[in-house]
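Contents: one structure, followed by commentary.
2 protein chains.
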Amino acid sequence: MISINFRDSRPIYEQVKDSLRRLIVSGALPADEKLPSVRELAAQLVINPNTIQRAYRELEHEGYIVSVPGKGSFAMAQSGANTERIRALLAQFDDAADELMYLGVPAGELRARIAEKEAKGNEA
Amino acid sequence: MISINFRDSRPIYEQVKDSLRRLIVSGALPADEKLPSVRELAAQLVINPNTIQRAYRELEHEGYIVSVPGKGSFAMAQSGANTERIRALLAQFDDAADELMYLGVPAGELRARIAEKEAKGNEA
DNA sequence: CAACTGTATTAACCGTCTTAGTACAGTTAG
DNA sequence: CTAACTGTACTAAGACGGTTAATACAGTTG
């Protein structure tokens with residue numbers, strides 16, 4: 092479900108954040124779904140609870156989850172559009188598309204990928 | 092031309108790499124164009140020459156530039172398709188698209204962005 | 001020869017990531 | 001109520017990577 096790569100230069104807490112965000116975005120973690128507890132996920136990944144805590148704290152700050160002392164952490168329905176995050180994602184999207192086309196990947200293939208996601212999103 | 096952000100958590104040499112790669116990809120730096128020397132760019136950005144050297148070394152390893160002792164560093168025409176880089180870029184592209192659509196950005200807008208790039212690429 | 005180019009190497013500093021250990025308050029099942 | 005869970009906070013220590021500084025050497029060029 093969630094995996095981390097110790098060889099990766101990226102911090103573990105970032106990898107955990109991205110994994111969880113991807114699970115939420117993909118629908119694998121619907122709103123109000125309970126996440127593993129800080130200690131449980133730490134034990135599962137064999138890393139320190141502090142590292143998980145940091146990932147959860149930042150995900151909550153980004154509006155993807157909500158943590159309640161004593162109860163747990165839960166996936167959260169996206170409320171207000173996160174304009175700042177959208178701006179960053181669009182920049183990432185454009186950069187990747189620009190370089191891919193420079194490297195010879197046809198624009199049609201990129202558009203087809205979008206269309207495929209659109210279909211998958213509607214079937215769910 | 093090339094700018095770095097000291098507040099950014101990303102390493103300076105990565106920022107330099109991305110700036111140069113973007114200049115090459117966008118066509119601002121055509122093949123065989125001479126890049127600033129290691130020391131010159133370091134002085135311009137007020138950072139250590141070693142940091143520039145590292146950026147150049149890795150860009151050469153990625154096939155974006157070529158460095159010749161005594162002469163300088165030059166933008167390089169993309170020869171063989173860099174399959175590894177393309178794979179990573181497609182993953183980045185997909186992740187951004189997935190989350191953008193999750194956040195409510197319509198697929199049509201993403202496709203329109205691709206089409207726009209396609210048009211710009213053809214006019215050049 | 002002089003001034004440039006890339007390249008290599010060593011040492012030192014500093015910030016961040018991660019771990020370990022402990023502690024406290026809220027929640028919940030028995 | 002108690003026990004076991006939950007999130008949260010804090011300090012200390014170690015490890016690692018990024019960056020700088022200071023040289024040094026070889027190839028190129030006017």
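Residue numbers (the numbering used here), protein chains in the order written: chain A, 92 to 215; chain B, 92 to 215.
C-beta: ideal position from N, C-alpha, C; glycine also.
The structure presented is a predicted model; accordingly, all values stated were derived computationally and were not measured.
Around the beta carbon of residue 100 of chain B, a 10 Å sphere encloses fewer than 16 other beta carbons of the protein chains shown; the residue is thus reported as exposed. Just measuring C-alpha positions, the residue of B/107, B/120 and B/96 sitting nearest residue 193 of chain A is B/120. The beta carbon of residue 164 of chain A lies closer than 6 angstroms to those of 126, 147, 156 and 158 in the same chain, with the five residues before and after it left out.
Taking one beta carbon from each stretch, the region 197-205 of chain A and the region 200-209 of chain B have 3 or more pairs nearer than 8 angstroms; the two touch.
Against chain B, the beta carbon of residue 202 of chain A has neighbours under 7 angstroms at 202 and 205, listed in chain order. Assigned with DSSP and collapsed to three states, residue 158 of chain B falls in strand. Under the three-state reduction of DSSP, residue 203 of chain A is assigned to helix. Of A/178, A/176, A/167 and A/102, the smallest CA-CA separation from residue 143 of chain A is found for A/102. For residue 117 of chain B, the nearest CB of chain A lies under 8 angstroms from its own CB, placing it at the interface with that chain.
The C-beta separation of residue 153 of chain B from residue 176 of chain B comes to about 7 angstroms, placing the pair in contact by the 8 angstroms criterion. Not a single CB atom of chain B sits nearer than 8 angstroms to the CB of residue 99 of chain A.
Contact annotation: residue 166 of chain A and residue 184 of chain B have beta-carbon atoms that are not nearer than 8 angstroms. The Cβ neighbour count for residue 190 of chain A, taken over all protein chains shown within 10 Å, is at least 16; the residue is labelled buried. When Cβ-Cβ separations below 8 angstroms define contact, residue 111 of chain B makes no contact with chain A. Under the three-state reduction of DSSP output, residue 165 of chain A falls in the strand class. Short of 6 angstroms from the beta carbon of residue 123 of chain B, and not among the five residues preceding or following it, lie these beta carbons of its own chain, in chain order: 165.
Following the DSSP letters along the chain, one finds residue 197 of chain B in no alpha helix (DSSP H), marked with neither H nor E. In this structure, the beta-carbon distance from residue 107 of chain B to residue 95 of chain B falls below 8 angstroms. For residue 181 of chain B, the closest alpha carbon among the candidates A/134, A/132 and A/186 is that of A/186. Residues of the region 168-198 of chain A that bring their beta carbon within less than 8 angstroms of a beta carbon in chain B comprise 169, 172, 173, 176, 177, 180, 181, 183, 184, 185, 186, 187, 188, 189, 190, 191, 192, 193, 194, 195, 196 and 198, in sequence order. For the region 147-169 of chain A, the beta-carbon criterion of a distance under 9 angstroms to any beta-carbon of chain B is satisfied by 169.
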